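Participant:
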Amino acid sequence: MSNVLNKHESKYFNTACLMDEALLSLLNSKDFEFITVKEICAKAGVNRSTFYLHYETMDDLLQEALAYITKRFKEKFKSYVAEKELEPLTDLMLITPKYIVPYLEFLKEYRKVYMASLNNPKVFKADLYTDKALSQVILPILKQYNVPQSEQKFVLAFYVGGMHDLVFAWVKGGCKEEIDFVCSVMMKCVSMKS
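Numbering (our numbering), first residue to last: 34 to 227.
1) Please work out which residues of its chain come closer than 7 Å, Cβ to Cβ, to ALA55, disregarding the five sequence neighbours upstream and downstream, and give them in chain order.
2) Using 10 angstroms around the beta-carbon of SER64, count the other beta-carbons present and answer buried if the total reaches 16, otherwise exposed.
3) Please report the residue range of the alpha helix (DSSP H) in which LYS76 lies.
4) In this structure, how does DSSP classify TYR178 when only helix, strand and coil are distinguished?
5) Could you tell me the alpha carbon to alpha carbon distance between ASP124 and VAL200, rounded to whole angstroms?
6) When you compare the CB positions of MET219 and ILE133, do they come within less than 8 Å of one another, or not?
7) I want to know whether the region 138-148 touches the region 194-208 - three or more CB-CB distances under 8 Å.
8) Ignore the nearest five residues each way along the sequence and tell me which others in ILE212's own chain have a CB closer than 8 Å to its CB.
9) Determine, using beta carbons only, whether LEU60 and ALA190 come nearer to each other than 8 Å.
10) In or out: ALA98 buried (at least 16 other Cβ within 10 Å) or exposed?
11) Pick from LYS209, ASN152, CYS222: whose alpha carbon is nearest that of GLY195?
12) Report the three-state DSSP secondary structure of ASP64 (helix, strand or coil).
13) So what's THR83 in DSSP terms, helix, strand or just coil?
14) Count the other CB atoms within 10 Å of the CB of PHE157; is the residue buried (16 or more) or exposed (fewer)?
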């Protein structure tokens with residue numbers, strides 16, 4: 034009985050993933066409000082009734098896709114923000130390649146989603162997700178390095194704004210440059226040395 038249930042759950046999950054991917058793919062070419070259930074089903078290779086078995090509305094599908102991406106991002110950084118993983122603070126650098134490289138790898142892997150979020154900022158609540166994701170990486174580092182709480186929101190804004198703009202330029206250009214190169218440019222930008 035449990036094998037049947039696991040097989041059913043796996044099939045349900047796989048179908049949901051297909052619909053998530055279909056939505057994200059369609060968002061690269063058109064605005065969310067113009068995407069139909071019919072298009073999602075055709076792209077995912079499922080029946081319309083299957084869509085409604087999983088979701089009540091298109092917004093439910095979008096929220097699931099965003100939750101999935103956010104979960105993947107958190108998993109990627111779980112070990113990087115642990116206290117035991119922090120490197121000694123040297124050269125007044127709060128962010129090091131150890132933290133930047135996984136972030137860039139994630140963005141390169143989910144480049145289409147990132148671009149879709151830029152093309153549909155209201156739908157994706159892109160600023161909210163980007164700021165939240167980066168703050169989950171940077172804020173624990175600021176705390177570990179005893180950056181005064183009164184300064185944390187300003188230091189966080191500086192890092193998040195600069196990293197976002199640099200990454201935007203890289204992703205918009207097709208992620209053509211190697212991650213190590215982008216990381217080195219980012220490190221030069223965030224260096225607090227005069």
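A virtual CB, placed ideally from N, CA and C, is assigned to each residue, including glycine. This one's a predicted model, so the numbers in the text were calculated from it and none came from an experiment.
Facilitator: So, from the data block:
1) ILE73, LYS76, ALA77
2) Before going further, note that residue 64 is Asp rather than Ser in the sequence given. Per the 10 Å Cβ criterion, exposed.
3) 70-77
4) coil
5) Model confidence at ASP124 stands at a pLDDT of 46, short of 50, so the residue's coordinates are unreliable and nothing is read from them.
6) yes
7) yes
8) VAL134, LEU137, GLU138, LYS141
9) no
10) buried
11) CYS222
12) coil
13) helix
14) buried
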